[in-house]
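A.B. asks: Going by this note's numbering, the sequence shown opens with residue 2, and the numbers climb by one from there. For each residue, glycine too, the CB sits at the ideal point set by N, CA and C. Quick one: structure below, then a few questions.
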Amino acid sequence: MDKYIVSARKYRPATFDSVIGQHTLTTTLKNAIEQKKLAHAYLFCGPRGVGKTTCARIFAKTINCLEPQENGEACDHCESCQAFNEQRSYNVYELDAASNNSVDDIRELIEQVQVPPQLGKYKVFIIDEVHMLSPAAFNAFLKTLEEPPAHAIFILATTEKHKILPTILSRCQIYDFSRMTVNDMMQHLEYVAKQESITYEAEALHVIAEKADGGMRDALSIFDQVASYCEGNITYEKVIEDLNVLDYDEYFSTTDLLLKGDIPQTMLRLNHILSKGFEANYFIGGLASHFRNLLMSREEATLPLLDVSEKVQQRYHEQALRCEPKLLYRVLKLCNDCDINYRTARNKRLLVEITLIQVAQVATGDEDAGCGRRPTRRLKPIFQTTSIPQPAVQAPQPSRESRAAYQPATAQQVDTTPSQVSEQSRAAQASASLMQQLGNTATGHKPSRGARTLSISALRTQYHNHMQPGTNTVQSVTQTTNPPHGSSPISSRLEYPFTVDQLTYYWYSFAQNLPKEQTAMAGRMKSMKPQISENWLIEVEVENEMVEQYMHELQIPLMNYLRTNLRNDAITLKFHITANNVTRAFSRTEQFKEMLEECTALATLKEKLNLELA
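Here it is, written out as structure tokens:
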């Protein structure tokens, strides 16, 4: 039985041309060898599995080749190349700095530098993971690295260049290795599969290349694992099952549910994904990448930014046509915020579920502009000049006894003069104008550009202007409200009974519909407890004179609102300051007397220390 060798070692590149995804760097090194312009120190840096150590070994082998070829490659059959291939060359010295990072290890390396090569021109020292050297080892290495013997060449390899001292960086030629693209890795995986006589699906290799995250060594290791599981026939379904990854179908189907606004099925899909052992943040990260791909697939110019197969690109394009760019921007922000807050959240699953619900609301246009506090809806103004709206919650019908007791007066029983009618018309006009301002603010209507938001004091001025006699508005209202001769001057008077609970309900409703500028006043109104007295007088206790003044400014619209919704025209309001709230600050003498009542020893302390009140 032949000895098994993993693909990462078996198919390791042996020439510059066989290095994958680093064409610029390998060309630079080949030209330097052909032109015999070799530096004494090189630094190869980049992510894992991209060919840093491999290129260092190929470089060491090529510069010591006794019969170099015209294309800058080693001949692979001379004595030096054979010794290198059989790992018995004394011209290449490799040091793993992760386990040999002390000053003594560097001193031993410096001793080796003084020995000239036995075969060939150069002695190459490859130090892998050089960033793991201790500061003392770096300092001991500086002088030798700056002025080495003519036959010594140093090649340093690292994945974290920022950890290397600037004095080391300034002495080296720096080569930055980039991550390998998905297409480059797929081509190499196809070559390996053909060499191993393994059948495969292109989409399956694409999943392996994506899972490797730009590292060829990782891709080959995953390939060996999948090949063993699939028994020589690598299919997309088996790769997904073996690697335990969420495939495109999961994200496409989840997105379809979100676009439909089907929140119950979305929650079931999330539960199915979590039951497979996936973390919720892994799913959210994949969903964010999915919507990012949808955004990129809307335009042909950005299609190359998708590292997916052509078949999947077509699916992305078809689904992207159903999504507006604004929707994709909002969803990406929601997913990003969820990813940021995931670590600090106590209930991580609830955070993900809320994010999916928000995405569904944004997708269906049923967005919660109040950030989850209340739905956005257009509320009707509280008062209208033409007609009185019916209450949202009907007051209970009175009993026969109460209906008889509070029978409304007829037109003959009410003796109202035309001047009184005109005054009532002015009050109704001013009340409606004031509540129109309150209603527009409560319903979310913003003033037009250049318009100015009215405060309560401004509304009060406007109200008084409406009440001034002699204006055109008052005249027109008076003319409109004056009834013809012989008819009833006013409508029937309502006087239905109501309870404290009903009063409190509409009191809260009025406070809820106040403008945003009066949020503090709305909060104070909600803390008040109106009480019903005789003749439907509503008494309200307030905190101080300032609150009382504000309530007087709102008295007329509030009274009309309560009369309309409670169906009782006899309601009147009275505000007075709570007696307990009238307090005065204690003086220092009074404070000291208060303290003496609790602790009599303070008097003795004051007398012995000869203390006085400041």
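1. Can you determine whether any heavy atom of the ligand FAD sits closer than 7 Å to the C-beta of residue 197, and answer yes or no?
2. Looking at the structure shown, is residue 283 part of a helix, part of a strand, or coil, going by DSSP?
3. How would you call residue 334, buried or exposed, if buried means at least 16 neighbouring beta carbons within 10 angstroms?
4. Does DSSP classify residue 176 as helix, strand or coil?
5. Taking the continuous beta strand (DSSP E) assigned at residue 158, which residues delimit it?
6. Alpha helix (DSSP H) containing residue 129: first to last residue?
7. Among residues of its own chain, excluding the 5 on either side of residue 394, which ones have a beta-carbon nearer than 6 Å to its beta-carbon?
8. Check this for me: beta carbons of residue 240 and residue 285, under 8 Å apart or not?
9. For residue 131, which residues of its own chain have a beta-carbon under 6 Å away from its beta-carbon, when the five flanking residues on both sides are left out?
10. At which residues does the alpha helix (DSSP H) containing residue 46 begin and terminate?
11. What residues in its chain sit with their C-beta under 7 Å from that of residue 205, if we drop five residues either side in the sequence?
12. Measure the alpha-carbon distance for residue 339 versus residue 74 and round it to whole angstroms.
13. Reducing DSSP to helix, strand and coil, say where residue 569 ends up.
14. Please state if the CB of residue 80 and the CB of residue 67 are separated by a distance shorter than 8 Å.
15. Nearest by alpha-carbon distance to residue 510: which of 23, 603, 562 and 530 is it?
16. For residue 517, does the three-state DSSP call read helix, strand or coil?
17. Pick helix, strand or coil for residue 5, following the three-state DSSP scheme.
18. Select from 308, 600, 574 and 48 the residue whose C-alpha is nearest the C-alpha of residue 554.
19. By how many angstroms is the C-alpha of residue 126 removed from the C-alpha of residue 9?
20. Should residue 196 go down as buried or exposed, given a rule of 16 or more other Cβ atoms within 10 Å for buried?
21. Taking the beta carbon of residue 46 as the centre, do at least 16 other beta carbons fall within 10 Å, making it buried, or is it exposed?
22. Does the segment 214 to 233 come into contact with the segment 262 to 269, if we say contact requires no fewer than three beta-carbon pairs (one atom in each stretch) closer than 8 Å?
23. Going by CA-CA distance only, name the one from 207, 530 and 519 that's closest to residue 502.
24. So within the segment 79 to 143, which uninterrupted alpha helix (DSSP H) runs reach at least 4 residues, ignoring any that extend past its ends?
C.D. replies: Once the coordinates are examined:
1. You won't find the ligand FAD in this model; it holds no ligand whatsoever.
2. Correct three-state label for residue 283: helix.
3. exposed
4. Collapsing the DSSP output to three states places residue 176 in a strand.
5. 153 to 159
6. That residue, residue 129, is in no alpha helix (DSSP H); its beta strand (DSSP E) goes 124 to 129.
7. Confidence at residue 394 is low in this model, with a pLDDT of 44, below 50, so the placement of that residue is unreliable and no value is reported for it.
8. no
9. 98, 157 and 159
10. Premise fails: residue 46 lies in the beta strand (DSSP E), 42 to 46, not in any alpha helix (DSSP H).
11. If the five residues before and after residue 205 are omitted, its C-beta is found closer than 7 Å to the C-beta atoms of 235, 236, 237 and 240, all from its own chain and listed in chain order.
12. 52 Å
13. In the structure shown, the three-state DSSP call for residue 569 is strand.
14. yes
15. 562
16. It is helical.
17. coil
18. 574
19. 23 Å
20. Under this definition residue 196 is an exposed residue.
21. buried
22. When Cβ pairs closer than 8 Å are counted between the two stretches, the segment 214 to 233 is seen not to touch the segment 262 to 269, the count staying below three.
23. 530
24. 80 to 86 and 104 to 114
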